[in-house]
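A quick write-up on the structure given underneath.
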Amino acid sequence: MIDALMPTYARAELAFERGEGPYLYTAEGRRFLDFASGIAVNALGHSHPHLVEAVGAQAQKLWHVSNLYRIPEAERLAQRLVEATFADTVFFTNSGAEAIECGVKLVRKYHDVTGHPERYRVITCSGAFHGRTLTTISAAANPKYLEGFTPAVEGFDNVAFGNLNELRAAITPETGAILVEPIQGEGGIRPADLDYLRALRQVCDEFGLLLFLDEVQCGVGRTGRFFAHEWAEIRPDVMAVAKGLGGGFPVGACLATEAAAAGMTAGSHGSTFGGNPLAMAVGNAVLDVVLAEGFLERVETLAAELRAGLEGLVQRHPGVLAEVRGAGLMLGLRCTVPNGEVVARLREGGLLTVPAADNVVRILPPLIIEAQQVEEALGILERTCAGWPKAA
Numbered sequence: 005m006i007d008a009l010m011p012t013y014a015r016a017e018l019a020f021e022r023g024e025g026p027y028l029y030t031a032e033g034r035r036f037l038d039f040a041s042g043i044a045v046n047a048l049g050h051s052h053p054h055l056v057e058a059v060g061a062q063a064q065k066l067w068h069v070s071n072l073y074r075i076p077e078a079e080r081l082a083q084r085l086v087e088a089t090f091a092d093t094v095f096f097t098n099s100g101a102e103a104i105e106c107g108v109k110l111v112r113k114y115h116d117v118t119g120h121p122e123r124y125r126v127i128t129c130s131g132a133f134h135g136r137t138l139t140t141i142s143a144a145a146n147p148k149y150l151e152g153f154t155p156a157v158e159g160f161d162n163v164a165f166g167n168l169n170e171l172r173a174a175i176t177p178e179t180g181a182i183l184v185e186p187i188q189g190e191g192g193i194r195p196a197d198l199d200y201l202r203a204l205r206q207v208c209d210e211f212g213l214l215l216f217l218d219e220v221q222c223g224v225g226r227t228g229r230f231f232a233h234e235w236a237e238i239r240p241d242v243m244a245v246a247k248g249l250g251g252g253f254p255v256g257a258c259l260a261t262e263a264a265a266a267g268m269t270a271g272s273h274g275s276t277f278g279g280n281p282l283a284m285a286v287g288n289a290v291l292d293v294v295l296a297e298g299f300l301e302r303v304e305t306l307a308a309e310l311r312a313g314l315e316g317l318v319q320r321h322p323g324v325l326a327e328v329r330g331a332g333l334m335l336g337l338r339c340t341v342p343n344g345e346v347v348a349r350l351r352e353g354g355l356l357t358v359p360a361a362d363n364v365v366r367i368l369p370p371l372i373i374e375a376q377q378v379e380e381a382l383g384i385l386e387r388t389c390a391g392w393p394k395a396a
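Residues in the sequence shown are numbered from 5 upward in steps of one, following our numbering.
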């Protein structure tokens, strides 16, 4: 008999009652160091006092009114995102997948209003993950997620991640945009080379394409910059964000330049819950913290300490770990043993992590960690690797 909760997840036999900062606690009182962060969602940890205050204050005033009316908190959050990024305008959603969907529609609408409706196709990269809707699993073209859901949505051409020659060869008169994650998360914590990102901007300018970035996982301070593409000093035309933007509350956004959003007029797109007052209050509270002076610099410093410690683990335990990947506090350990077993043993030791493709364990701590939590995590990793059963 099927469970009341649809069995689409292989959940660990573990439930949490409360969280505080970088820690989660079970009802029995056992404490776990959370270096999963809800898959890069809880950017400010659990029960951050500023977020708790913001959501509590807003909850006592207004939760939902619909986008039929002005929502001042949404206007404020949009303006702050515009001031802090490349964008001129923002559409709020509830999730990253919805932000990607909005961006795909925006690409098609842009080329339609500029006289090229035939330019509807989007080039995507192998190993990508853009969400779980039919459109987003079709964009990523991962057979694992497409199985049982074919035929795929038409309009996407998949090329090797990082291969500029293959990408250029895939451009046709029907191509309208290039969609890429600056750092692939689900694909195994694979950062795009900064020169590759710069080249994508040049290719888009050369062929009249829109550069569409998916920063759902790698954005909102996770790499030590507000958004990961800033390391390459480029400006996209469209960008999808979510996860850390709400610090655990469902908030997503599609950001765009004025030119790219030219066709997005009244009635062209919508969302029932996107941009609701409660979500916007939380989003503004997150930006209060992340954009505060010194916050991103502190992320860089702690990230360097964590990475150095992980590199040492790889050197000491080559029978378990093979490589460190990633940037900032979006790091991955490629394993020489099954990554699922590593995640399970770390969990037994009190450290929560996330598996990814290419036999990688994702290390995604909240951005508010202190040096003591870096040392605590490295200690659990050290004990786990040192105690790994030797091959017979």
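For every residue, glycine included, the Cβ atom is placed at its ideal position computed from N, Cα and C.
- For the region 122-178, the full-length alpha helix (DSSP H) segments reaching 4 residues or more read 138-144, 147-150 and 168-174 along the chain.
- If you draw a 10 Å sphere on the C-beta of V224, you find 16 or more other C-beta atoms in it, and that means buried.
- In this structure, the beta-carbon distance from L306 to V378 falls below 8 Å.
- In the three-state reduction of the DSSP assignment, V318 falls in the helix class.
- A distance below 6 Å between beta-carbons, with the five flanking residues on each side excluded, links L28 to the following residues of its chain, in chain order: F20, F36 and D38.
- Restricting attention to alpha helix (DSSP H) runs no shorter than 4 residues, the region 42-118 encloses them at 53-63, 76-88 and 100-117, ordered along the chain.
- As a beta-bridge residue in DSSP terms, C339 pairs with L325.
- Boundaries of the alpha helix (DSSP H) around G287: P281 to V294.
- Within the region 202-260, the complete beta strand (DSSP E) runs of at least 3 residues fall at 214-218, 242-245 and 256-260.
- With respect to V94, A264 sits apart: the two C-beta atoms are not nearer than 8 Å.
- Assigned with DSSP and collapsed to three states, G23 falls in strand.
- The secondary-structure analysis by DSSP pairs R366 across a beta bridge with G336 and V358.
- Contact between M334 and A44 holds: CB atoms are separated by about 7 Å, below the 8 Å threshold.
- Counted as a single uninterrupted DSSP element, the alpha helix (DSSP H) harbouring L382 occupies residues A375 to A390.
- Pairing N162 with T128 gives a Cβ-Cβ distance under 8 Å.
- Each of G228, L204 and L110 was checked against the Cα of E297, and the nearest Cα belongs to G228.
- Minimum Cα-Cα distance from F277 among the listed residues T30, E102, L81 and R311 corresponds to E102.
- In this chain, the beta strand (DSSP E) harbouring R35 covers R35 to D38.
- Linking V328 to S41 through their CA atoms gives a straight-line distance of about 19 Å.
- Residue state for L9 is assigned as coil, using DSSP reduced to three classes.
- In the structure shown, the three-state DSSP call for L306 is helix.
- Under the DSSP definition of a beta bridge, L28 partners with G23 and F36.
- Cβ neighbours of V346 within its own chain (closer than 6 Å, five residues either side excluded): C339 and V365.
- By the Cβ neighbour-count rule, Q221 is buried, with 16 or more other Cβ atoms within 10 Å of its own.
- Under the criterion of beta carbons closer than 8 Å, P240 and L217 qualify as touching, at roughly 4 Å.
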